[in-house]
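*Asks:* According to my numbering, the sequence shown is numbered sequentially starting from 115. I'd like to ask you about the structure that follows.
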Amino acid sequence: MDEINKTNRERWNALAHLNVEYTLPFLELTPADAQRYVGRHGILQDVSGKKVLCLASGGGQDSAAFGILGADVTVLDLSDIQLERDQQAAAHHGYTVKTCQGDMRDLSIFPSEAFDIVWQVYSLNFVPSVEPVFRGVQRVLKTGGVYLAQFANPFVMTVDEEAWDGQAYPLKHLYTDGENINQYYPYWDVTQPDGLPGKVLGPLEFRHTLSTVLNTLVALDFTFLGLWEWIRPDPDPEPGSWAHFTQVAPPYLETFWRLEK
């Protein structure tokens, strides 16, 4: 376990203890909800019986959607608490899930060509290099398998809604691949157990340039299926709000790939 692994495990467990939104399991999910979640953008259809790896996406959200739809789901995540919530969601909905504590950069516990789908929501930015992650995914994914890779929009990664100056969200830092952005924003805003707002140290987070992400995947025989930007829907967002910021500069990018090895 290196320092990045150790630090991010501790900090994700701390976030989970505070029950922040993205650490809570989907306990109210219906099959129709699950199908919309898994089948977004029209890439995945029937996943029943498919072997799915939810990579560094513990918490009982993604695994719940696939489990409800009859997939054979495995979750790998650093956080003990997040993995407990995958088991909580499975017990609640009545399916079985396999959980493994580990680092997304080391998938050696899995055999080659073990999965039909690798599903990785926002987590790539918690390691300094995408290359070991993508190589691991290439090895464990079957030929023709589908990979969801979601990551931060690298162009705006060091800008947020608090930077609004009344006219714009200014770009302030160099566009550097592998840069640790915690030096600019070390704390995450959270709601504390007493309901009051607070701040907690965020996980170590790194910028990956768009060229690095796309070109590394292409070099590993992945075929690009599409890219989508995430925004917070709001017909009239207040300038300086999170919804407004996302409509000026979408903070997250979601890509789908098919492995052609």
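Heads up, the beta-carbon is just placed ideally off N, CA and C, and yes, glycines get one too.
Are S171 and W233 touching if we call contact CB-CB under 8 Å?
*Replies:* Position 57 of the sequence shown, counting from 1, holds the residue named residue 171. Position 119 of the sequence shown, counting from 1, holds the residue named residue 233. Yes. Within cutoff.
*Asks:* Got a sec? Which residues, its chain only, sit under 7 Å from V165 by beta carbon, not counting five neighbours each side?
*Replies:* Indexing the sequence shown from 1 puts residue 165 at position 51. For the sequence presented, residue 165 should be read as Lys rather than Val. Result list for K165: D186, A228, F229, D230, in chain order.
*Asks:* Can you tell me the Cα-Cα spacing of A146 and L138, whole angstroms?
*Replies:* For the purposes of this step, residue 146 is taken as residue 32 along the sequence shown, with counting starting at 1. For the purposes of this step, residue 138 is taken as residue 24 along the sequence shown, with counting starting at 1. Spanning the two alpha carbons is a distance of roughly 20 Å.
*Asks:* Go ahead and label W371 buried or exposed: buried means 16 or more other beta carbons lie within 10 angstroms of its beta carbon, across all protein chains shown.
*Replies:* Translated into the one-based positions of the sequence shown, residue 371 becomes position 257. It is buried - the Cβ of W371 has at least 16 other Cβ atoms within 10 Å.
*Asks:* So for T368, helix, strand or coil by DSSP?
*Replies:* Position 254 of the sequence shown, counted from the start, is the residue given in the question as residue 368. Here residue 368 turns out to be Glu, not Thr, going by the sequence shown. Here E368 sits in strand by DSSP.
*Asks:* Report the three-state DSSP secondary structure of F180 (helix, strand or coil).
*Replies:* Residue 180 sits at position 66 when you count from the first residue of the sequence shown. F180 falls in the helix class under three-state DSSP.
*Asks:* Taking DSSP as the reference, what is the three-state secondary structure of T210?
*Replies:* Counting from 1 along the sequence shown, the entry for residue 210 is found at position 96. Coil, per DSSP.
*Asks:* Judging by CA-CA distance, which residue of Q149, L324, T257 is the nearest neighbour of P365?
*Replies:* Here residue 365 corresponds to residue number 251 of the sequence shown, with the count starting at 1. Of Q149, L324, T257, the residue nearest in Cα terms is L324.
*Asks:* Can you look up E343 in the DSSP assignment and give me helix, strand or coil?
*Replies:* By one-based count along the sequence shown, residue 343 stands at place 229. Strand at E343.
*Asks:* In the DSSP output, what is K286 paired with across the bridge?
*Replies:* Position 172 of the sequence shown, counted from the first residue, corresponds to residue 286. Paired residue(s): none; K286 is not in a bridge.
*Asks:* Which runs of the beta strand (DSSP E) fall wholly inside the stretch 240–287 and span at least 3 residues, in chain order?
*Replies:* Taking only runs of at least 3 residues, the beta strand (DSSP E) segments lying wholly in the stretch 240–287 are 255–266.
*Asks:* Jot down the residue ranges of each uninterrupted beta strand (DSSP E) in the stretch 288–320, minimum 3 residues, whole runs only, in chain order.
*Replies:* Counting whole runs of 3 or more residues, the stretch 288–320 contains the beta strand (DSSP E) stretches 301–305, 311–315.
*Asks:* Within the continuous alpha helix (DSSP H) that includes L129, where are the two ends?
*Replies:* On the sequence shown, position 15 is the one that residue 129 refers to. Element bounds for L129: 117–131.
*Asks:* Among all the DSSP beta bridges, which residues are the ones paired with W233?
*Replies:* Position 119 of the sequence shown, counted from the first residue, corresponds to residue 233. BP columns for W233 point to C168, L262.
*Asks:* Assign S162 to buried or exposed, taking buried as 16 or more other Cβ atoms, counted over all protein chains shown, within 10 Å of its Cβ.
*Replies:* Taking the first residue of the sequence shown as position 1, residue 162 is located at position 48. Label assigned to S162: exposed.
*Asks:* Since N239 contacts H322 with CB under 8 Å, what's their CB separation in whole angstroms?
*Replies:* Here the question's residue 239 lines up with position 125 in the sequence shown. Here the question's residue 322 lines up with position 208 in the sequence shown. At roughly 6 Å, the Cβ-Cβ gap stays under 8 Å, so N239 and H322 are in contact.
*Asks:* For Q361, which residues of its own chain have a beta-carbon under 8 Å away from its beta-carbon, when the five flanking residues on both sides are left out?
*Replies:* Counted from its first residue, the sequence shown places residue 361 at position 247. So the qualifying residues of the chain are I345, R346, D348, P351.
*Asks:* Which residues in the same chain have their Cβ closer than 7 Å to the Cβ of Y151, if we skip the five residues on either side of it in sequence?
*Replies:* Reading the sequence shown from its first residue, position 37 is the one you call residue 151. A179.
*Asks:* Is the number of C-beta pairs between the stretch 206–217 and the stretch 183–198 that are closer than 8 Å three or more?
*Replies:* Contact holds: three or more Cβ-Cβ distances are below 8 Å.
*Asks:* Ends of the beta strand (DSSP E) at D147?
*Replies:* Sequence index remark: in the sequence shown, residue 147 carries index 33 (1-based). Looking at the DSSP string, D147 is not in any beta strand (DSSP E); the run it does join, the alpha helix (DSSP H), is 145–152.
*Asks:* If you draw a straight line from the C-alpha of Q149 to the C-alpha of S222, how long is it?
*Replies:* Counting from one through the sequence shown, the residue named residue 149 turns up at place 35. Counting from one through the sequence shown, the residue named residue 222 turns up at place 108. C-alpha separation (whole angstroms): 30 Å.
*Asks:* Between which two residues does the beta strand (DSSP E) containing E362 stretch?
*Replies:* Within the sequence shown, residue 362 is the residue found at index 248, counting from 1. In the sequence on display, residue 362 carries Val and not Glu. Here V362 belongs to no beta strand (DSSP E); instead the alpha helix (DSSP H) covers 356–362.
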